[in-house]
Each structure stands twice: as C-alpha cells, then as structure tokens.
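Enquirer:
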Amino acid sequence: MKKTLMFLISLSFLMMPCASFAQQDKGPGPGDQALEQQKSAPDQKMMKKHCDHKMGEHHKMMKEMNDRLDAKVAAMDAATGDKKVEAMADVIKEMVAQRKEMQEHMMKMGHKCMKCMEHKKHKKAQDKEEK
Numbered sequence: 003m004k005k006t007l008m009f010l011i012s013l014s015f016l017m018m019p020c021a022s023f024a025q026q027d028k029g030p031g032p033g034d035q036a037l038e039q040q041k042s043a044p045d046q047k048m049m050k051k052h053c054d055h056k057m058g059e060h061h062k063m064m065k066e067m068n069d070r071l072d073a074k075v076a077a078m079d080a081a082t083g084d085k086k087v088e089a090m091a092d093v094i095k096e097m098v099a100q101r102k103e104m105q106e107h108m109m110k111m112g113h114k115c116m117k118c119m120e121h122k123k124h125k126k127a128q129d130k131e132e133k
C-alpha cells in the first residue's frame, strides 16, 4: 500500500511539468513581431493619411452643420411674434435633419469599418498560410 501511494505521488510530480509545458504560448517570437511591424509600417502610414483626410472632411461637415444651425438660431432670436414660432420650428427641423444625417453617416462608417476589419482578418489568415 505504501509503495502504491509513493508511486502515485511521484507520478503526479512527474506529470506536472508536462501540463505546464503544454500550456505555454506558441505565439510568434520577437523576431516575427519585428518583421510584422516592418511589413505593416507602410500600411500604417497610408492608414494615418487616410484617417487624417477623413477627419478633415468630418470637421468640415460639422462646421457646415453648425453654421446652418447658427444662422437659423440667429433668425429665431431676431424674430418676434408669430415669426418667432416659425423660426423656432425651422431650428427644430434643422436639428432633426442634422441628427438623421449624422446617424446615416455613422451607419455608413460602421459598415465600412466592418468591411475593413473583415479584410484585415482575411489578410492575416492569408499571411499565416504563406508562412
């Protein structure tokens, strides 16, 4: 009985390194990461240029929207009586239109982003297959 117990204890100690070895990450080594970064550097520069361009367009669009709303608010502030009520309605209509426009834009961007992510995922899979 004592021999069997000692055998099981020693067997469990011998199996411990096997379990921890099996759990080690087999990810890319430091050299592989450096190579990936060198490959993706032009992509990152191109992506930054694209993002900067899109950000500029976004700022321009927001400025135009604000200018339209500011003009309507100024007209509302200057109006009196029934004209003021009409001007308030114009401001509200403009705000609703802008909100719809922004939501539509966000939905478009979301779909583009999803397509971009799928493309990157597919490209990574192809790169792994080539290795």
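Residue numbers (the numbering used here): 3 to 133. C-beta: ideal position from N, C-alpha, C; glycine also. Bear in mind the structure is a predicted one, so any value in this text is a computation, not a measurement.
Looking only at its own chain, which residues have a Cβ that is under 6 Å from the Cβ of Glu66, when we skip the five neighbours before and after it?
Expert: Nothing meets the Cβ criterion.
Enquirer: Output needed for Arg101: all residues of its chain with C-beta closer than 6 Å, excluding positions within five of it in sequence on either side, in chain order.
Expert: Correct list: empty, nothing qualifies.
Enquirer: Just verifying my parser: in three-state terms, what is the DSSP assignment at Gly83?
Expert: Correct three-state label for Gly83: coil.
Enquirer: Could you tell me the distance, in whole angstroms, from the CA atom of Met49 to the CA atom of Lys62?
Expert: Each residue's Cα considered, the two are about 20 Å apart.
Enquirer: Evaluate Ala91 with the Cβ neighbour count: other Cβ atoms within 10 Å of its Cβ, from every protein chain shown; 16 or more gives buried, anything less gives exposed.
Expert: Label assigned to Ala91: exposed.
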